[in-house]
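Sequence order for the protein chains is A and B.
Going letter by letter, the first sequence gives residues 213 to 580 in this note's numbering.
Going letter by letter, the second sequence gives residues 213 to 580 in this note's numbering.
Here's the structure we're looking at; comments come further down.
2 protein chains.
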Amino acid sequence: MSLPFLTASSRIRRTPFSRRVEAAGVKGYTCYNHMHLPTIFRSVEEDYAHLKSAVQVWDVSVERQVEITGPDALKLVQMTTPRDLRRMADDQCFYIPIVDHRGGMLNDPVLNKLADDRFWVSLSDSDMLYYYMGLSNGFGLNVEVFEPDVSPLAIQGPKADELVRRVFGSDVVDTRFFRHKTVTVEGEEMIIARSGWSLQGGFELYVNGSEHGEAIWDVLFEAGADLDVRAGCPNSIERIEGGLLSYGNDMTMDHTPFEAGLGKFCHLETATGCLGNAALRKRQDPVRQIRPIEIDGGKVPSLNTLWPLKDNSGDPAGHVSSAIWSPDFQTNVAIAMVHKAHWAPGTELTVDAPDKSRSVRVRDKFWI
Amino acid sequence: MSLPFLTASSRIRRTPFSRRVEAAGVKGYTCYNHMHLPTIFRSVEEDYAHLKSAVQVWDVSVERQVEITGPDALKLVQMTTPRDLRRMADDQCFYIPIVDHRGGMLNDPVLNKLADDRFWVSLSDSDMLYYYMGLSNGFGLNVEVFEPDVSPLAIQGPKADELVRRVFGSDVVDTRFFRHKTVTVEGEEMIIARSGWSLQGGFELYVNGSEHGEAIWDVLFEAGADLDVRAGCPNSIERIEGGLLSYGNDMTMDHTPFEAGLGKFCHLETATGCLGNAALRKRQDPVRQIRPIEIDGGKVPSLNTLWPLKDNSGDPAGHVSSAIWSPDFQTNVAIAMVHKAHWAPGTELTVDAPDKSRSVRVRDKFWI
């Protein structure tokens with residue numbers, strides 16, 4: 213089946229980098245937080261090989277920020293996550309599951325602490341701004357909650373450190389994993405964090421002010437010309453190999469953090485301010501959980517709906533939520549939600565892919 | 213510029229009708245409430261001519277429902293809208309602006325009352341479920357809030373009444389505008405309303421249970437074969453001509469209902485339970501407002517970002533949010549947010565369209 217076109221409107225927002233992304237020859241998009249997220253430049257496979265060998269600049273403006281500022285800021289964020297935030301340092305970034313009162317996942321952002329009373333929640337794909345506004349209004353909290361004009365630009369790949377060194381200096385390269393520093397770019401203070409949605413290493417610059425987007429893009433491309441810097445984007449092959457989950461694909465509101473394999477971020481004894489705490493205590497022993505799986509039978513078609521897993525009696529065993537052919541591992545790498553009876557590594561199952569039935573093996577770890 | 217492709221994933225959800233929509237030759241999509249919304253079948257212009265002369269079946273599953281049930285249901289909905297809901301009848305549908313505590317618009321759904329303690333909020337494009345959950349948690353309300361498995365299917369066009377008569381009977385055709393009746397389809401009770409996002413007349417069937425989607429689709433196409441029933445979708449030309457606003461395009465959180473021209477739905481004296489009431493009282497006299505405008509200079513290109521309006525001194529006068537060539541009116545029909553100094557009918561302005569600067573005239577009404 214050929215890919216459908218994405219129709220133009222202003223409701224799916226352009227980004228501060230859209231013109232540069234188009235000039236770089238973007239071929240596909242998805243929509244994410246009511247905004248354009250590039251998905252393909254040359255081809256998914258060519259982009260993948262380049263990401264693993266050089267350095268890419270990614271327009272990840274879709275990681276919209278919810279800024280929460282004020283005396284009750286920490287209290288409000290803690291209401292939404294079972295991860296204990298009390299010891300978070302001022303320069304720290306936390307990956308946090310966000311849950312509702314039933315313990316269902318609403319988002320899995322990176323939380324950036326800017327000060328004791330100021331946070332940025334760097335979102336995956338859902339309108340968390342609405343949830344924070346609702347809670348803030350309902351509990352009468354002393355906070356301001358809004359979406360600032362901040363658009364992350366990721367610099368990812370094995371040569372990301374070198375590019376960042378050239379543009380921002382060695383001090384920035386010394387930033388520890390999931391910590392951020394402040395840099396002055398185009399006369400504006402911005403934070404840059406050692407983070408990003410790949411396992412190839414790199415940084416995310418939180419571009420503060422849309423008007424600076426193109427100038428910063430150009431600086432990075434000029435400085436990295438001999439590093440073969442290219443426009444890139446989160447790569448499905450690389451992120452599935454690495455086990456980076458995608459909210460809305462691999463887990464939704466129907467899943468707890470335990471089911472999503474994020475139990476280590478649930479500090480139920482201490483994060484008592486989380487509104488989902490009581491519900492999560494009852495849901496600590498999941499009967500289904502995310503597993504890396506390998507799918508046989510040659511290159512799988514594009515996944516656009518969950519593919520059912522079956523055991524060897526033909527009974528339901530879960531579903532596949534992400535799957536793609538990996539050139540490096542010469543197999544189909546995939547993420548699945550697997551029932552407890554079948555989730556042991558080595559278990560053989562069957563998946564009803566759109567083209568045919570295929571054999572599947574549960575793995576003990578992702579391709580890392 | 214050629215249209216970009218929309219990349220496959222399960223995060224942008226398929227609908228109960230997706231296979232039928234594909235079989236009907238859908239050519240373009242947009243994303244709306246994390247779901248696929250068809251935008252083109254034959255061409256936007258051919259679809260438009262057909263919508264105005266025959267009958268179409270639209271997959272508008274993207275109008276996701278938030279179900280609010282329980283003793284505090286009315287109280288919760290009223291918190292979010294300045295429209296007075298007290299006299300709403302049990303079979304009534306209300307178009308409501310939804311606002312935050314600052315009076316900014318969060319959505320403009322159709323609210324369906326199912327019982328005194330049960331509502332469906334039939335959404336435009338934002339995660340209102342999150343706002344309702346946040347408010348409900350914060351205020352400790354006695355309600356349940358969730359997204360039911362309900363997917364609207366619209367039947368629109370001048371021959372919609374005839375098709376509905378054949379399938380659902382004359383009693384349903386007698387339904388008044390923005391009222392609903394209950395029908396039993398595929399053994400399931402469903403509501404059907406005289407409503408829809410066109411000015412051509414018709415109904416929306418709230419398909420209750422995804423498993424019934426294809427069977428219902430097929431029944432409509434069999435019954436309407438001699439009416440030239442076709443798969444269709446909301447049509448940009450028809451909806452702009454008719455002045456149907458699109459949330460995210462024509463108004464956003466940055467606009468009040470007064471700015472969006474929805475002042476008649478703001479009952480500030482009586483809807484005192486609305487959390488935005490106090491803010492809206494201070495914002496009743498807008499300095500910018502939505503206006504129908506006509507754009508000269510031949511067929512405009514696709515609009516994918518707001519186009520700035522200028523007065524004859526070159527000063528900012530607002531922006532165009534939706535624009536397209538109308539074959540029936542032989543002009544570019546458009547929706548703009550226009551500053552007060554320039555919003556009088558007949559005012560001449562200039563718009564910076566992507567291809568060239570064009571003359572613009574403010575109109576007194578839409579093309580109806």
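C-beta atoms are modelled at their ideal positions from N, C-alpha and C, and glycine is treated no differently.
For the set A:499, A:303, A:244, A:438, the Cα lying nearest the Cα of residue 329 of chain A is the one of A:303. Just measuring C-alpha positions, the residue of B:480, B:563, B:490, B:499 sitting nearest residue 515 of chain B is B:563. Contact between the stretch 475-495 of chain B and the stretch 437-444 of chain B is absent: fewer than 3 CB-CB pairs across the two stretches fall below 8 angstroms.
Within chain B, the residues 345, 348, 349 have their CB atoms less than 9 angstroms from the CB of residue 313 of chain A, given in chain order.
Taking a contact as a CB-CB distance under 8 angstroms, the pair residue 269 of chain A and residue 429 of chain A counts as one, their CB atoms being some 7 angstroms apart. Excluding the 5 residues flanking it on each side, residue 385 of chain A has same chain C-beta neighbours closer than 7 angstroms at 373, 376, 377, in chain order. CA-CA distance, residue 574 of chain A to residue 523 of chain A, rounds to 12 angstroms. For residue 405 of chain B, the closest of B:513, B:392, B:413, B:528 by C-alpha to C-alpha distance is B:392. The alpha helix (DSSP H) runs lying completely inside the stretch 213-249 of chain A and spanning 4 residues or more are 230-235, given in chain order.
Against residue 491 of chain B, chain A offers no close residue; the least beta-carbon distance is about 12 angstroms (beta-carbon pairs closer than 9 angstroms). Listed by position along chain B, the residues whose Cβ is nearer than 8 angstroms to that of residue 239 of chain A are 216, 217. Non-local C-beta neighbours of residue 468 of chain B in its own chain, meaning closer than 6 angstroms and more than five positions away in sequence, comprise 315, 495, ordered along the chain.
Taking 7 angstroms as the cut-off between beta carbons, the residues of the stretch 482-509 of chain B near chain A are 487, in sequence order.
CA-to-CA, the gap between residue 254 of chain A and residue 507 of chain A works out to about 25 angstroms. The three-state reading of DSSP puts residue 451 of chain A in helix, counting H, G and I together. Of A:525, A:501, A:537, the smallest CA-CA separation from residue 531 of chain A is found for A:501.
In its chain, beyond the 5 residues on either side, 579 have a beta carbon closer than 6 angstroms to the beta carbon of residue 541 of chain A. Taking C-beta separations shorter than 7 angstroms and ignoring five residues to either side along the sequence, the partners of residue 233 of chain B in its chain run 250, 271, 443, following chain order. Legend: CB atoms of the stretch 333-344 of chain A lying less than 9 angstroms from CB atoms of chain B belong to residues 337, 338, 339, 340, 341, 342, 343, 344. With respect to the C-alpha of residue 364 of chain A, the residue from A:418, A:521, A:380, A:356 having the closest C-alpha is A:418. Sequence-distant Cβ neighbours of residue 435 of chain A in its own chain, meaning closer than 7 angstroms and more than five residues away, are 375, 378, 379. Note that the C-beta distance between residue 536 of chain B and residue 452 of chain B is below 8 angstroms. Near chain B, meaning a CB-to-CB distance below 7 angstroms, the residues of the stretch 450-466 of chain A are 458, 460, 461. Around the beta carbon of residue 396 of chain A, fewer than 16 other beta carbons sit within 10 angstroms, so the residue counts as exposed. Annotation for residue 509 of chain A: 570 place their beta carbon closer than 6 angstroms to its own, counting only its chain and skipping 5 residues before and after.
Note: residue 338 of chain B is not bridge-paired with any residue in the DSSP secondary-structure output.
Taking 8 angstroms as the threshold, the shortest C-beta distance from residue 222 of chain A to chain B falls below it.
Checking the DSSP bridge columns, you'll see residue 503 of chain A partnered with A:548. Proximity of residue 516 of chain A to chain B, defined by a Cβ-Cβ separation below 8 angstroms, is satisfied. Collapsing the DSSP output to three states places residue 385 of chain B in a helix. Residue environment for residue 544 of chain B: buried (at least 16 other C-beta atoms within 10 angstroms of its C-beta). For residue 429 of chain B, the secondary structure class from DSSP, reduced to helix, strand or coil, is helix. Close to residue 243 of chain B, with beta-carbon spacing below 7 angstroms, are these residues of chain A in chain order: 224, 243. Closest option to residue 425 of chain A, judged by alpha-carbon separation, among A:450, A:241, A:229: A:229. Taking a 10 Å sphere around the C-beta of residue 240 of chain B, we find 16 or more other C-beta atoms and assign the residue as buried. Excluding the 5 residues flanking it on each side, residue 371 of chain B has same chain C-beta neighbours closer than 6 angstroms at 266, 267, 439, in chain order.
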